[in-house]
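Scroll down for the structure; my scribbles are underneath it.
Number of protein chains: 2
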Amino acid sequence: MLFPTNFIMMENQILNILHRSQLSITDGRKSILRLFLESDNALAHHDIEARTQVKFDRVTVYRTLQIFMEKGIIHTIPTADNSIKYALCRDECEQGHHHDDHVHFVCKKCGSTVCLEDVHVPAVRLPKGFKPQQVEVVVSGTCKECS
Amino acid sequence: MLFPTNFIMMENQILNILHRSQLSITDGRKSILRLFLESDNALAHHDIEARTQVKFDRVTVYRTLQIFMEKGIIHTIPTADNSIKYALCRDECEQGHHHDDHVHFVCKKCGSTVCLEDVHVPAVRLPKGFKPQQVEVVVSGTCKECS
DNA sequence: CAAACTTTTGCAACTAAGTTGCAAAGATAC
DNA sequence: GTATCTTTGCAACTTAGTTGCAAAAGTTTG
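Next up, the structure:
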């Protein structure tokens, strides 16, 4: 359980993030954002639906994730099994396009997905004619806890 | 249109692949495999359903893709928009686990996805405790034709 | 090449995922 | 506190993916 001071700090952080993204403050947005701030792992849509204290409609969760994406609050992590996960952007991402140049790790045992913020994506040399805009690196294996 | 000799060569190749994978020869498998051999790009499930001359049931396409995966005939390419694409394995992949250590490219203009067989995935240094088994690199941008 | 056997296919029915329009409820501004 | 604008939940829908089963293929054997 969080100490009162930590709790208040997180609530302030939530309001800050929503405010600077010019989003109105609603229970749904606060709850979902809190979930991301409390979790080390990336979250799938159904994680979010399942873990919020108050139940929100699926549509609300979809729309909230969508607008968080647009505002650069979260980013997606593609995984090999076709399940998209979402994670907080640590650095400020500009509206629309992100600078998540870090590597993602998916644990094959426990299924957790994390951002390795300190591991930057390596440079990739492409054949002539291909113009890269974004490089996604997803490493899968066993994580710290599972090995 | 293909010349007769090329056509015969491809039909032989199809039979070879199916035979060495110990799969029985059926119209569905031949058609889907032909589609992969004829195409430079990776194919999504609905591409396959749409492009086969004879229409096959969705279930048949799912099951064919699944068994081709198991036999190491094709591999999946994860993309950021949650749409899995499938592409032929060039080198022989052993049953179950693949050696597709090449980079994939997704064009944001035309949507085509290709294997860059000659671009190998770079080594990634992970923090202590993480044990990598597989590294997926997906580069998106504009492809040869679109730039 | 035909009977016996095995595998694959298509259908039906189902669950899960994702989208859209709209009226009601909630948030913000004045 | 009221007016205005935004967000939410509901209903209804489309698309994606799965499972069981009988019919139709493919394969094997004599």
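First to last, the protein sequences are chains X and R.
So for the first sequence, my numbering puts the first residue at 16; every next one is plus one.
So for the second sequence, my numbering puts the first residue at 16; every next one is plus one.
Think of the CB as a built atom: it goes at the ideal place given N, C-alpha and C, for glycine as much as any other residue.
- Task: Could you name the residues of chain R that X:Asn97 contacts, counting a contact when the two beta carbons are closer than 9 Å?
- Result: Thr91, Pro93, Asn97, Ser98, Ile99
- Query: Helix or strand or just coil, what does DSSP make of X:Gly156?
  - Reply: strand
- Quick one: using the 10 Å Cβ neighbour count with 16 as the cut-off for buried, is X:Thr79 buried or exposed? Classification for X:Thr79: buried.
- Task: Taking the CB atoms as reference points, tell me whether R:Ile89 and R:Cys104 lie closer together than 8 Å.
- Result: yes
- Item | Against chain X: residues of the stretch 137–157 of chain R by CB proximity under 9 Å | Pro137, Ala138, Val139, Arg140, Leu141, Pro142, Lys143, Gly144, Phe145, Lys146, Pro147, Gln148, Gln149, Val150, Glu151, Val152, Val153, Val154, Ser155, Gly156, Thr157
- Task: Answer with yes or no whether the minimum CB distance from X:Ser162 to chain R is below 8 Å.
- Result: yes
- Item | chain R within 8 Å of X:Val74, Cβ atoms only | no
- Message: Would R:Phe145 and X:Phe120 qualify as a contact pair, given that the criterion is a beta-carbon distance under 8 Å?
- Response: yes
- Query: Does R:Leu131 have its Cβ less than 8 Å from a Cβ in chain X?
  - Reply: yes
- For X:Leu58 and chain R, any beta-carbon pair shorter than 8 Å? no
- In chain order, what residues of the same chain have a beta carbon less than 6 Å from the beta carbon of R:Pro137, not counting five sequence neighbours either side? none
- In angstroms with no decimal places, state the Cα-to-Cα distance between R:Ala95 and R:Met25. Straight across, the Cα-Cα distance linking R:Ala95 with R:Met25 is about 33 Å.
- For X:Lys70, count neighbouring C-beta atoms within 10 Å of its own C-beta (all shown protein chains included) and say buried if the count is 16 or more, exposed if not. Classification for X:Lys70: exposed.
- Item | Closest residue to X:Gln81 among X:Asn97, X:Tyr101, X:Lys45 (Cα-Cα distance) | Of the candidates X:Asn97, X:Tyr101, X:Lys45, the residue whose Cα lies closest to the Cα of X:Gln81 is X:Tyr101.
- Item | 8 Å Cβ cutoff met for X:Ile47 and X:Val76 | Their beta carbons are under 8 Å apart, which means X:Ile47 touches X:Val76 by this criterion.
- What do you get for R:Glu160, buried or exposed, if any count of 16 or more other CB atoms within 10 angstroms of its CB means buried? exposed
- Report the three-state DSSP secondary structure of R:Thr94 (helix, strand or coil). coil
- Taking C-alpha atoms, which residue in R:Leu141, R:Val139, R:Cys158, R:His34 lies nearest to R:Leu131? R:Cys158
- Query: Given R:Asn44, which residues of its chain have a CB within under 7 Å of its CB, disregarding the five upstream and five downstream residues?
  - Reply: Per the sequence presented here, residue 44 of chain R reads as Arg, with Asn not at that position. The answer, listed in chain order, is Leu33, Leu38, Thr79.
- Nearest to R:Val154 by alpha carbon, out of X:Leu141, X:Ser155, X:Gly156? X:Leu141
- Task: Could you check the C-alpha separation between R:Arg66 and R:Leu50 for me, to the nearest Å?
- Result: 8 Å
- Assign X:Thr41 to buried or exposed, taking buried as 16 or more other Cβ atoms, counted over all protein chains shown, within 10 Å of its Cβ. exposed
- Task: Hey, could you find the ends of the beta strand (DSSP E) R:Phe120 is sitting in?
- Result: Per DSSP, R:Phe120 belongs to the beta strand (DSSP E) from 117–122.
- Query: Counting only beta-carbon atoms, is R:Gly111 nearer than 8 Å to chain X?
  - Reply: The pLDDT assigned to R:Gly111 is 47, lower than 50, so where the model puts this residue is not dependable, and the model offers no usable value.
- Query: Since X:Gln149 contacts R:Gly126 with CB under 8 Å, what's their CB separation in whole angstroms?
  - Reply: Rounded, the Cβ-Cβ distance is 15 Å, inconsistent with contact.
- Query: With R:Asn97 and X:Asn56 assumed to form a contact (beta carbons below 8 Å), what rounded beta-carbon distance in angstroms separates them?
  - Reply: Contact between R:Asn97 and X:Asn56 is ruled out by a C-beta separation of about 18 Å, above the 8 Å threshold.
- Cut-off 8 Å between Cβ atoms - residues of its own chain near X:Ala59, not counting five sequence neighbours on either side: Ser98, Ile99, Lys100, Tyr101
- Does the beta carbon of X:Ile120 come closer than 8 Å to any beta carbon on chain R? Checking the sequence shown, residue 120 of chain X turns out to be Phe, not Ile. Chain R, which has a Cβ nearer than 8 Å to the Cβ of X:Phe120, makes this yes.
- Task: Classify X:Ala65 as helix, strand or coil using the three-state DSSP reduction.
- Result: helix
- How long is the line joining the alpha carbons of X:Leu52 and R:Val129, rounded to whole angstroms? 37 Å
- Query: Are there 16 or more other CB atoms within 10 angstroms of the CB of X:Glu85, so buried, or fewer, so exposed?
  - Reply: exposed
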